[in-house]
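Chains as they are written, first to last, in the numbering used here: chain A, 14 to 199; chain B, 62 to 264.
Cβ coordinates follow ideal geometry from the N, Cα and C atoms, glycine included.
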Amino acid sequence: MRDIIKMAVVLTLIGAVSGLVLSVVYNVTKKPIEYQTIKFIKEPAVKKVLTGYDNDPVLDRKRITIGTDEKGNPLELTVFPAKKAGKTFAVALEGQGKGFHGLIGVMVGVGEDGKLLDIGVTSHSETPGVGSKVTETSFTDQFKSLKAQAPIKVDAVSGATYSSKGVMAAVNQAIGYANTFRKEIF
Amino acid sequence: MSLRYEFTKGLWETIPPFRLVLGLCPTLAVTTSGINGIGMGLATTFVLVFSNIFVSLFRKFIPSQVRIASFIVIIASFVVIVELVMQAYFFALFKVLGIFIPLIVVNCIILGRAEAFASKNGPIMSMADGLGIGLGFTISLFVLGSIREFLGSGTLLGLNVLWSSYEPFAFMLKPPGAFVALGILLALINLISQFQKARGGSK
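As structure tokens, then:
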């Protein structure tokens, strides 16, 4: 009987101390982990669509509430402002559109003057070699310096109409957010 | 049984995974480049050193019936610490090593050292043992990773070292290549040992 009590006490103690230590480590690393995740996944796209800034858009990121989902939870959007001498002159934000296989995520750079800077596909699962051509600059460069006014239309990649339309839908969604929440963003 | 011996035995005499053929899962899986080997090796070393120290400190309080469970909780805690810290400060490495970081928990080397050494020896000895075995593991992984990286992609530590028309021997980066490289290294190490034995007859 004594043995069983001892076993239970020792195991409980070890478990409790381990839990305590881990919760401390978790809290300390929570912020850096969030930063790193965004930096590694989104930064390449942010860097592609924004140029000439002197801040860290990932560090200065802003979250804006864009509405609520079916359950009434707030939907949030992360925007990455590009600043020069402390003044925001452009933002990058992400939109999504339905492609041939699932959603296509597109990072869109919008200038304060209401023009598109550039776009970059962040996530997609389009057919390699066919639909994936929409990630190439020959397609995405068409969006450069267009007026940021939905609906935007460009020439689709031949053989990849659905994928191209998915990218356009994503860009239009991002532009919609940028125009609707202009006040919060700039 | 000296401190020096406990440390150095892990570097050659019982170097994992060649002498103690333990921990083969991460050895084969992550050694596609030298730097991955170092990252995995150091993460394992950290866990090994601290789990050895703590197992050794608590060895008198832990009833033998629940020792394995206690060791696993201690090891798992340090693995989670490594995972979180790596994710926060070395994200690129974390993405490459991925699932093999949490799998350090079930790395036989760590539980093996806890059971075979730390639960019978003092904390300082256990630390030396963990450090030695861990560094040995790191060196092995680095060597294996570098060989595979050199042949498989023509680079060393990410730098191009071969002529530009070199056709990478991509087989080396695939799982079968890992077995081949490990087998050849094992054979080499056994060969050296045989020579040593024949010459000195000391062991």
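- Beyond the five residues adjoining it in sequence on each side, F68 (chain B) comes within less than 7 Å, by CB distance, of A189, L192 and G193 in the same chain, given in chain order.
- For A175 (chain B), there are no C-beta contacts with chain A under 7 Å, since the nearest C-beta of that chain is about 13 Å from it.
- Near chain A, meaning a CB-to-CB distance below 7 Å, the residues of the stretch 141-152 of chain B are V141, I142, L145, V146, Q148, A149, Y150 and F152.
- Residue environment for I136 (chain B): buried (at least 16 other C-beta atoms within 10 angstroms of its C-beta).
- Under the 10 Å beta carbon count, S125 (chain B) is surrounded by fewer than 16 other beta carbons and is classified as exposed.
- S214 (chain B): member of the alpha helix (DSSP H) spanning P184 to S214, first to last residue.
- Close partners of P45 (chain A) in chain B (Cβ separation under 7 Å): A149 and Y150.
- Annotated three-state conformation of G238 (chain B) is helix, per DSSP.
- In this structure, the beta-carbon distance from A173 (chain A) to V147 (chain A) falls below 7 Å.
- When Cβ pairs closer than 8 Å are counted between the two stretches, the stretch 80-98 of chain B is seen to touch the stretch 207-218 of chain B, the count reaching three or more.
- Judged by DSSP in its simplified three-state form, F113 (chain A) adopts coil rather than helix or strand.
- Just measuring C-alpha positions, the residue of B:S201, B:I165, B:I185 and B:L103 sitting nearest P77 (chain B) is B:S201.
- Contacts between M20 (chain A) and chain B, judged by CB atoms closer than 8 Å, involve P124, Q126 and V127 in chain order.
- Among the residues of the stretch 48-59 of chain A, those with a Cβ less than 8 Å away from any Cβ of chain B are Q49, T50, K52 and F53, in the order of the chain.
- Ranking A:I77, A:D69, A:G110 and A:G108 by CA distance to the CA of F194 (chain A) puts A:I77 first.
- Under the 10 Å beta carbon count, K55 (chain A) is surrounded by 16 or more other beta carbons and is classified as buried.
- Distance check between F93 (chain A) and each of A:K84, A:G85, A:N86 and A:A103 places A:A103 closest, using alpha-carbon atoms only.
- Note that the stretch 147-155 of chain B does not touch the stretch 163-179 of chain B; fewer than 3 beta-carbon pairs, one per stretch, sit closer than 8 Å.
- In the three-state DSSP reduction, S136 (chain A) falls in the strand class (E or B).
- Scanning its chain for C-beta atoms nearer than 7 Å, with the 5 sequence neighbours on each side dropped, one finds around K61 (chain A) the residues D131 and G133, in chain order.
- Residues of the stretch 180-193 of chain B whose Cβ lies closer than 7 Å to any Cβ of chain A: none.
- Within a 10 Å sphere around the beta-carbon of M14 (chain A) sit fewer than 16 other beta-carbons, which makes this residue exposed.
- Sorting B:L196, B:P236 and B:W73 by C-alpha distance to the C-alpha of S254 (chain B) places B:W73 at the top.
- Judged by beta-carbon spacing, E139 (chain A) lies within the 7 Å limit of S176 (chain A), meaning their Cβ atoms are closer than that value.
- The shortest C-alpha to C-alpha distance from I117 (chain A) to any of A:A182, A:V71 and A:N40 is the one to A:A182.
- Considering only beta carbons, the part of the stretch 128-139 of chain B lying closer than 8 Å to chain A consists of A130, S131, V134, I135, A137 and S138, in chain order.
- The beta-carbon distance between L159 (chain A) and K128 (chain A), rounded to whole angstroms, is 7 Å. This is short enough to meet the 8 Å contact definition.
- Residue environment for N182 (chain B): buried (at least 16 other C-beta atoms within 10 angstroms of its C-beta).
- Shown here for V180 (chain A): same chain residues with a beta carbon closer than 7 Å to its own, the five before and five after excluded, namely G110, I117, V119, V134 and V147 in chain order.
- For G100 (chain B), the enclosing alpha helix (DSSP H) has its first and last residue at G95 to F119.
- Where L154 (chain B) is concerned, there is no enclosing beta strand (DSSP E), although the alpha helix (DSSP H) around it starts and stops at F152 to L158.
- Looking at A:G99, A:P141 and A:E89, the one whose alpha-carbon comes closest to that of F113 (chain A) is A:P141.
- About 6 Å separates the beta carbon of L205 (chain B) from that of A242 (chain B), a gap short enough to meet the 8 Å contact definition.
- DSSP, reduced to helix, strand and coil, places G172 (chain A) outside both helices and strands of the structure shown, so it counts as coil.
- Bounds of any alpha helix (DSSP H) do not take in F232 (chain B), whose DSSP letter is neither H nor E.
- V23 (chain A) has a beta carbon lying within less than 7 Å of a beta carbon in chain B.
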